[in-house]
Amino acid sequence: MADADEDVVQTPPTGQVEVDLSDETQDFRFLNHLNFISDTASPSIPKRGEKDFEPNPTEHQADVLSASRDAMHNALSFPRLHRPKTQIIAYYALGGYAAQAELDAQQDALQVKENQKPSESTQKKPPTDASKPPPKPVNISPDACVLVPIPKGQYFKTMGQADRKNRVWLLPEEALYLLERGSLDIRWPSTSDPDAVSIPMSLQAAYACFVGHGGLTLERFSVYTGLKRLGYSFLRAPGWSDEIEDTEEIAPASEPSPPKFHGPGLAGILGSLFKWIHDPRKTASTATGPIVGFGIHRHYMDVYRKLAIIPWYDPVTAPPSKLSDTTPPFRVVFHIYKPSTPFKKSAPPAPDFRVAVVSTRDQTTMPALPQLGALLESTPLDPPHGEKMQRMMYMRLRHGYRNVVMAVVDQGVVSYLRIADSAFGKEKLFETKGGPQGNKRGGRGPGGPNRSKKR
Amino acid sequence: MGRNAVVTLVIDIQPTPAYKLKWLQMATTVTSTEKPVSTQPAPAEARPRAPRPPRPNFRHIHRFPLPVTVHHVPPVIPHNPLSLISVALSYLTFLISPPRQEVYSAYFDSATSSVHVTDENAVKALWQMGFFGKGSLSRSEPSWLAREKKRRGLLGGKSSEEVTRQRREERRELKLERARMEKLAIEERLKAEAAARENGTTIDQDDQSTAADGTANDTATSTEKFSLRKAKEARMLETRNQAARKAAATDSTDQAEKSPNGKSVRFSPVVQKQEFLSNSPSSMKLPDSVVDNIEADEEPIFENEEHLQLSKEEAFFLSYSLGTLNIYDAPVKASQNQPNSIMSTTSLLKLLCNHSFNPSRDASAALQPDDPFMLSYVVYHHFRSLGWVVRSGVKFGTDYLLYNRGPVFSHAEFAVIVIPSYSHSYWTETEERKEYIAAKQTRSWWWLHCVNRVQAQVLKSLVVCYVEVPPPTASIDDIGALLGTYQVREFLVKRFVPNRMRD
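Top to bottom, those sequences are chains A and B. Position one of the first sequence corresponds to residue 152 (the working numbering), numbered consecutively onward. Position one of the second sequence corresponds to residue 1101 (the working numbering), numbered consecutively onward.
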């Protein structure tokens, strides 16, 4: 009890409070301030009030509670409609683009024949196209299985892949996401008669069809839909399909590279020569100690340099691993882009984050070093740069040299972890002058001026 | 004694930063409220400030990062031949009378599997130069003697433990006060509601509207919540009013304060934290150990019951790496004729490895490359050799905490957990070994999340440090070579909050 209040950690004052709103229960009274309910919405974002932590017999509290409940009911009772103007109709094409392309080719051929009969005047592009095998567009995934004949709306800026006929092909996760949010109406394929009324696909059917199709697991979909709703853009990473591993049996344990010894180097050799002059009674011995010896030390830096006998991993000189070195759950499956990053489907920039998705029920333990190491080495080197990083050692260490985001999905609950390869060995703390940035009593240098923490 | 003079002098030179002044002001306001019969209605800031005990100059006390003496060579200035002479002189003096490196002694205590240092000078030196060990009767710095003297009224100032206790008391009092205010507000509202009901009117419309849109910007005023700050303000106001009126109304507060809070108080930690940070002086008043310079020449009135306790890794580092510690196998007793023997480094390593198990392993057992001590020592040595001050992280559920220069200067930024890794092909040769390493290296996701959440809460960065374990070797004669077969790799694990990373 005595420790309980001390151990409540002091977080920074307002403005920097790290309140994770997603951890709290929704206060539905906010909904009253949204545009579609109240006619005159205040332009400002409503502030959060203070909480009651236990019931009291006042009517005021009961009123607040019922107001909140009413707001929720009000919001839920809002009619949601599919407006015919914005409705997007898609067709489920199980065979994917390849099958459809064949079908197209046949139809084209048929059409060409029909067209050729009456007249041979106007735009006769199809015959030339149909005669040769359709050049396979590079950017349509074989997993894409939903065809949108008339794509319109903002969603297709970041989703789907267009084919030559300007139809958009959606990947299973994209289709499922759009269907779930009510923006897409997927129809079952009607092979017999193209003009017949096609049957809309239910949500249950969509889940049954799409989850499990082309490597889409429920965990990956949870990650996709969760981040997509926050505005992130997605691309499937090359590590999406597990089949890469089939090309090569996973080596039981690769021979560890000879430990890189970050010893003295040339300057160090010269230094040791000087030290030998300084210190004729060479008592330093790493075999039985003391490592630093009994002699006269000229500087603490020399002492520290002598102490550096433990090899450490250097992410810069380490060779990048191939994708096939990674073991399946620990493999980058998504490249994601922040909402603020200008994203073009045709020419995607370098991803902001690389995400690996792990299901805790299949992989119950956190990765061992070979798995985690291979995962990080499969990402490009991203050393800390920038003026701020130059100044702040803690930031450099936190940023690391490579990084990856691991989404750990435990029965639908996603925890995201950013894992960075931070080389402490590259930051020689003893060389920095002036000691820690910031002050114990008030602010701290890196990571926010007013962070105060427990010792 | 000479050092003390220097300390005070340096403190006087240091300018008082603005936040310290602010803190002083706030401190005085708080103390003023504690005396209700103040005849002066003047603002509290005008009161004379209580002299703050001078803070010891930690920069001076802890100017040596390691308990190793360093002799700087006088600088050589090419155009000044005199400088050459001074260099030559310094060499000559070293040649004639080589300076002796101070070697401290300690003994291994098998009951606690730690190393004890009892000599006062050694305790002081090891703490001041590199923050090794902890006082057996103190939280961290061995301050028992000073606290005891303080308790008996022999010494002024405050030890860090007392500061903490005082801060806790203040906080508890404020919380009770806040609870009381809340209770009062609820009662008032109940009364008002009852009155409204009697009048036959519904509660005024404003109230309804605020209730309906309670989340709008006026919530803070409409709700009857009381923060610590408000409690404090209210208390101040109350006492001031009382003083102005000079009425004997104090009994009402007393009564109210005496009335125990029948309700259990549960507060949101978030709110509480904010209030503390923005207003409470206690948050700024981090424990600073004021007692540092115990007068060496002062006659000890009673025995110092405290000793310095070094962890296994610290002891081995001091002994093997720095050579500044001789470790005996048993405590020195006055009755003993022959002195205890100093343990050799090899036997010390073996002993510490055997004691890294609980219960300790049989002394005859062979050293394994993945003995817990080997792993923890490799990591300890790695970070020490880079200049970090490494201390136990057991408080926060990790293996180590990394301090920049030392705990008195700044909070630890990094918390380290150590996980072994068995990548070498030796470890996967047989099924038996595979099972063995699986048991050793696996950690569950839940465990990781727990550790990670705790570190986020205490504002530390979590470092997962994997140690590559080599295959077993026949001999441990060359400890340096043995340590060189390990490899460490650090990963920084942090919660990624997509909401906050959007731009």
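Beta carbons are placed, not taken as given, at the ideal position from N, Cα and C, and that holds for glycine. Computed from a predicted model, the values in this text were never measured in an experiment.
Thinking C-alpha only, which one of B:H1160, B:N1157 and B:L1166 is nearest M452 (chain A)?
For the residues B:H1160, B:N1157 and B:L1166, the minimum Cα distance to M452 (chain A) belongs to B:L1166.
Considering only DSSP beta bridges, list what Q1587 (chain B) is partnered with.
Bridge partners of Q1587 (chain B): B:E1568.
State the DSSP-derived secondary structure class of F204 (chain A), mapped to helix, strand or coil.
Three-state result, F204 (chain A): coil.
What did DSSP end up calling S1132 (chain B) once you bin it into helix, strand or coil?
Because S1132 (chain B) carries a pLDDT of 39, less than 50, the predicted location of this residue cannot be relied on, and the following value inherits that uncertainty. S1132 (chain B) falls in the helix class under three-state DSSP.
Using a 10 Å radius around the Cβ and a threshold of 16 neighbouring Cβ atoms, would you call N1599 (chain B) buried or exposed?
Flag for N1599 (chain B) reads exposed.
Take Q562 (chain A) as the anchor and find which of A:K577, A:M517 and A:R512 has the nearest alpha-carbon.
Of the candidates A:K577, A:M517 and A:R512, A:R512 places its Cα closest to the Cα of Q562 (chain A).
Using a cut-off of 8 Å between C-beta atoms, extract the partners of P521 (chain A) located in chain B.
Annotation: Cβ neighbours of P521 (chain A) in chain B (cutoff 8 Å, chain order): S1521 and S1523.
Write down every uninterrupted run of the beta strand (DSSP E) in the region 457-536 of chain A whose length is 3 residues or greater and which is fully enclosed by it, in chain order.
When DSSP assignments are scanned along the region 457-536 of chain A, the uninterrupted stretches of beta strand (DSSP E) that are 3 or more residues long and fall wholly within it turn out to be 483-488 and 504-510.
Which stretch, first to last residue, makes up the alpha helix (DSSP H) that contains W339 (chain A)?
Here W339 (chain A) belongs to no alpha helix (DSSP H), and DSSP marks it neither H nor E.
In terms of DSSP beta bridges, what is H448 (chain A) paired with?
Note: H448 (chain A) sits in a beta bridge opposite B:V1170.
Which residue comes first and which comes last in the beta strand (DSSP E) that contains R569 (chain A)?
Unbroken beta strand (DSSP E) run through R569 (chain A): V564 to D572.
Please tell me whether M1601 (chain B) has its Cβ less than 9 Å away from any Cβ of chain A.
Yes, M1601 (chain B) lies at the interface with chain A (some Cβ there is under 9 Å from its Cβ).
Distance check for E1270 (chain B) and G1253 (chain B), CA to CA, integer angstroms please.
Rounded to the nearest angstrom, the two C-alpha atoms are 23 Å apart.
Compare the Cα-Cα distances from W1527 (chain B) to each of B:F1514, B:R1265 and B:Q1541 and report the closest residue.
The residue with the shortest Cα to Cα distance from W1527 (chain B) is B:Q1541.
I want to know whether the region 1417-1433 of chain B touches the region 1154-1164 of chain B - three or more CB-CB distances under 8 Å.
No: fewer than three Cβ pairs fall under 8 Å.
Pull the bridge partners of W320 (chain A) from the DSSP assignment, please.
A:L298 and A:Q312.
Please tell me whether D513 (chain A) has its Cβ less than 9 Å away from any Cβ of chain B.
No, D513 (chain A) lies away from the interface with chain B (no Cβ there is under 9 Å from its Cβ).
Drop a sphere of 10 angstroms on the beta-carbon of D572 (chain A), count the other beta-carbons inside from all chains shown, and report buried for 16 or more, exposed for fewer.
D572 (chain A) should be labelled buried.
For P302 (chain A), I'd like the list of residues in its chain whose CB is within less than 6 Å of its CB, leaving aside the five on either flank, ordered along the chain.
These residues qualify, in order along the chain: V319.
Between the C-alpha atoms of T1323 (chain B) and K473 (chain A), what's the straight-line distance to the nearest angstrom?
Caution is warranted here: a pLDDT of 39 is assigned to T1323 (chain B), below 50, making its placement in the model unreliable, and the coordinate value is therefore given only provisionally. The alpha-carbon atoms of T1323 (chain B) and K473 (chain A) are separated by roughly 59 Å.
Mind pulling the beta strand (DSSP E) runs of 3 or more residues that sit fully within the region 1152-1221 of chain B?
Listed in chain order, the complete beta strand (DSSP E) runs (minimum 3 residues) inside the region 1152-1221 of chain B are 1204-1209 and 1214-1217.
My guess is that S1236 (chain B) and E1406 (chain B) are in contact by the Cβ rule of under 8 Å, so how many angstroms apart are they, rounded?
Indeed they touch by this definition, with Cβ atoms about 6 Å apart.
Alpha carbon to alpha carbon, how far is D294 (chain A) from A359 (chain A)?
Using only the alpha carbons, I get a separation of about 15 Å.
My understanding is that V508 (chain A) touches R371 (chain A), with C-beta atoms under 8 Å, so please give their C-beta distance in whole angstroms.
About 5 Å separates the beta carbons of V508 (chain A) and R371 (chain A), which is inside the 8 Å limit, making them a contact pair.
Chain B contacts from the region 451-485 of chain A (Cβ-Cβ distance under 7 Å)
The region 451-485 of chain A vs chain B, Cβ under 7 Å: Y451, V454, Y455, L458, A459, I460, I461, P462, W463 and Y464.
Pull up the CB-CB distance for Y552 (chain A) and L568 (chain A), whole angstroms please, since I reckon it's below 8 Å.
In this structure Y552 (chain A) does not touch L568 (chain A) by the C-beta definition: roughly 17 Å separates them, more than the 8 Å allowed.
Measuring straight from C-alpha to C-alpha, what distance separates Y545 (chain A) and S1492 (chain B)?
Rounded to the nearest angstrom, the two C-alpha atoms are 20 Å apart.
Do the region 347-356 of chain A and the region 518-536 of chain A make contact, defined as three or more Cβ pairs closer than 8 Å?
The region 347-356 of chain A vs the region 518-536 of chain A: no contact.
Which word fits P206 (chain A), buried or exposed, when buried means at least 16 other C-beta atoms lie within 10 angstroms of its C-beta?
Answer is exposed; the Cβ neighbour count stays below 16.
Can you tell me whether A498 (chain A) is buried or exposed, with buried defined as 16 or more other CB within 10 angstroms of its CB?
Under a 10 Å Cβ-count criterion, A498 (chain A) is classified as exposed, with fewer than 16 other Cβ atoms of the shown protein chains found around its own Cβ.
Taking A313 (chain A) as the query, report the chain B residues whose CB atoms sit under 7 Å from its CB, ordered along the chain.
Those do not exist, as A313 (chain A) stays about 27 Å from chain B at its closest Cβ, beyond 7 Å.
Using DSSP's beta-bridge definition, name the partner residues of Q149 (chain A).
Missing from the structure shown is residue 149 (chain A); chain A here goes from 152 to 606 and no further.
Using a Cβ-Cβ cut-off of 6 Å (strictly less than) and excluding sequence neighbours within five positions of K1275 (chain B), which residues of its own chain qualify?
Residues of the same chain with a CB within less than 6 Å of the CB of K1275 (chain B), apart from the 5 flanking positions on each side, do not exist.
Does F1591 (chain B) pass the burial test, meaning 16 or more other C-beta atoms within 10 Å, or should it be called exposed?
F1591 (chain B) comes out buried.
9 Å Cβ cutoff, G576 (chain A) in contact with chain B
Chain B places a beta carbon closer than 9 Å to that of G576 (chain A), counting this residue as a contact.
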